[in-house]
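For what it's worth, the working numbering labels the leading residue of the sequence shown as 1, then goes sequentially.
Everything on this sheet refers to the single structure shown next.
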Amino acid sequence: MFIFREEITITSPIRFVRDDILKLTPYMPSKESCNIKLDANESPYDVPKEIKERIWNRIKNEHFNYYYDPSCDELRENLSRYTGANPDQIFVGSGGDEIINDIIMAFAGPDRDVIIPVPTFSSYEIFATVAGSNVIKIPLIREQKYGKEIWVLDTRQIKKHFKKNEPQLMFLCYPNNPTGDYFNEEKMLDLINNFNGIVAVDEAYFEFGGKTFVDRLSRYPHVVVIRTFSKIFSMAGLRVGYAVGHVDVIKQLYKVKLPYNVSLFSQIAAVEILKDMAWLKNMQSKFIETRKQLKKDLEKIKGLKIHPSSTNFFLCELGKSRDMVYEELLKRGILTRRLGDDVLKNTLRFCIGSPAQNQVLLSHLREIMS
Ligand code: PMP
């Protein structure tokens, strides 16, 4: 377990730490042992053996002693085919997290504003704070639509913070983690069209829902899309993410990136997995089908309210104490996620497991909620 003791004494080096860093809590996901891990929006399916074999076969012939391609050329060629964008519109990083950080380093940094509708993915705020940016958090509005509760962008409030003559950065997570669904497209476009800065559209969960801004980049040169191999591609452990945007945006990311940010292993693995589109399609239909079934089953459990999802996870409102439900699930070997945001204090987030894992989750939830 990671323990931070921040006692400021005359001899402690902590007195040299920046004030804003002292106030931060490290992003340290749970390391609780469990049988079914549903806390980090990972895929329950490992990369298939045949694809792993192809990766090993290539890697074993590579020189480990030399640095590997710093601009990920082969991977960008493959991503170009996958996304439809030109290779020079693509930038590869060590996970979507690094891409987020690089975008902040290049376009925000000290004293610039970063606009973040919340609740959303926590890295935006953490990295922007570390970079010394001025973080502006605008709460999402909760609305009822067709009997469902949805999370809506507060465009009026957000636009109040738009500065005409100063460049800014705004993050829009599409679909949004942790609420699970897409924001209304017209509202997204209203913000994009009126913003004087870079709009980072985070499409980490793109493959589970299919909506994208990649095919609209020529119209919106100030939009940069973030994607990852950690979700549907089952490669969270290998750390590969990428950005797609205007060449002039992409060029700036090369200036702030670490020199050899994506390992030989990760580049080759990502190239090989992109060659198997049949596997990807199969994964997509598997997740969509499983999500539909799991939602139906969860909705039958009294005391649970499930938010709509276009991702591989559900945000679930609980009619009972969320700490009790979390602990009871953990006792039974199932790890879920409690988010820190105040508006989410009655919720748990859990990702979609395999059908067998979901059955175990459901049977325990039925028992705990009864
Ligand atoms: N964006 C969003 C919205 C996420 O949920 C995540 C991971 N949970 C990431 C980016 C980063 O993913 P990674 O660094 O694993 O690519």
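We treat Cβ as the ideally placed atom computed from N, Cα and C, and that holds for glycine.
Asked: Chain-ordered list of residues that sit, by beta carbon, closer than 6 Å to a heavy atom of the ligand GTP; Found: Judged by which ligands are present, the ligand GTP is missing from the structure shown, whose ligands are the ligand PMP.
Asked: For GLU149, the nearest candidate out of ASN358, PRO308, PHE206 (CA to CA); Found: PRO308
Asked: Identity of the residues DSSP links to PHE91 by a beta bridge; Found: ALA243
Asked: Spatial neighbours of ARG215 in its chain, beta-carbon cut-off 7 Å, leaving aside the 5 residues before and after; Found: Here the sequence assigns Asp to residue 215, which means Arg is not the residue at that position. So the list reads GLY84, once near-sequence residues are dropped.
Asked: Where PHE233 falls: helix, strand or coil (DSSP); Found: coil
Asked: With 16 other Cβ atoms within 10 Å as the buried cut-off, status of ALA356; Found: exposed
Asked: VAL92 burial status per 10 Å Cβ neighbour count (16 or more: buried); Found: buried
Asked: Pairwise C-alpha distance: SER80 and GLU50; Found: 24 Å
Asked: Where LEU75 sits in the DSSP three-state scheme; Found: helix
Asked: SER43 vs ILE232 beta-carbon contact at 8 Å; Found: yes
Asked: Per-residue burial, MET28 [other beta carbons within 10 Å of its own, 16 or more giving buried]; Found: exposed
Asked: Residue(s) in a DSSP beta bridge with GLN168; Found: GLY197
Asked: Alpha carbon of MET1 to alpha carbon of CYS34, nearest angstrom; Found: At MET1 the pLDDT is 44, less than 50, meaning the model places this residue with poor confidence and gives no usable figure here.
Asked: Bounding residues of the beta strand (DSSP E) (the contiguous stretch that carries LYS145); Found: 141-145
Asked: Own chain, CB closer than 6 Å to PHE107, minus 5 neighbours either side, in chain order; Found: LEU169, ILE198
Asked: Beta-bridge pairing of ARG219 - partner residues as DSSP gives them; Found: Beta-bridge pairing links ARG219 to no other residue.
Asked: Local Cβ density within 10 Å of ASN372, reported as buried at 16 or more and exposed below that; Found: The question about residue 372 has no answer, for the chain in this structure spans 1 to 370.
Asked: Same chain, Cβ closer than 8 Å to PRO70, five either side skipped, listed in chain order; Found: PRO259, TYR260, ASN261
Asked: Coil, strand or helix - GLU272 by DSSP; Found: helix
Asked: First through last residue of the beta strand (DSSP E) which encompasses ARG113; Found: According to the sequence shown, residue 113 is Asp rather than Arg. Looking at the DSSP string, the run of the beta strand (DSSP E) that includes ASP113 is 113-118.
Asked: Selected residue, minimal CA-CA separation from LEU294, among ARG366, PHE127, LEU339, THR212; Found: ARG366
Asked: Beta-carbon proximity list for VAL152, same chain, < 8 Å, skipping 5 on both sides; Found: LEU140, ILE141, ARG142, GLU143, PHE183, ASN184, LYS187
Asked: Member of LYS163, ALA200, LEU189, TYR205 whose CA lies at the smallest distance from the CA of ASN176; Found: TYR205
Asked: Own chain, CB closer than 8 Å to ALA40, minus 5 neighbours either side, in chain order; Found: PRO29, ALA236, ARG337, CYS351
Asked: Straight-line gap, ILE14 to GLY245 (C-alpha atoms, nearest Å); Found: 40 Å
Asked: Pick from PHE229, LEU298, ILE116 that is closest to THR155, judged by C-alpha positions; Found: ILE116
Asked: Cβ-based neighbour list, LEU191, same chain, cut-off 8 Å, excluding 5 preceding and 5 following; Found: LEU153, THR155, ILE158, LYS159, MET170, LEU172, VAL199
Asked: Cα-Cα separation, LYS320 to LEU362; Found: 16 Å
Asked: Range of the contiguous beta strand (DSSP E) that encloses ARG332; Found: It is not in any beta strand (DSSP E) - ARG332 carries neither H nor E in the DSSP assignment.
Asked: Opening and closing residue of the alpha helix (DSSP H) in which ILE382 lies; Found: Here the chain comprises residues numbered 1 to 370, so residue 382 is not present and cannot be evaluated.
Asked: CA-to-CA distance, ASP202 to ALA269, given in whole angstroms; Found: 22 Å
Asked: Residues that DSSP places opposite LEU365 in a beta bridge; Found: LEU365 is not bridged to any residue.
Asked: THR83 - DSSP class collapsed to helix/strand/coil; Found: helix
Asked: Rounded Cβ spacing between ILE402 and ARG76 (contact assumed at less than 8 Å); Found: The structure shown has nothing for residue 402, since the chain only spans 1 to 370.
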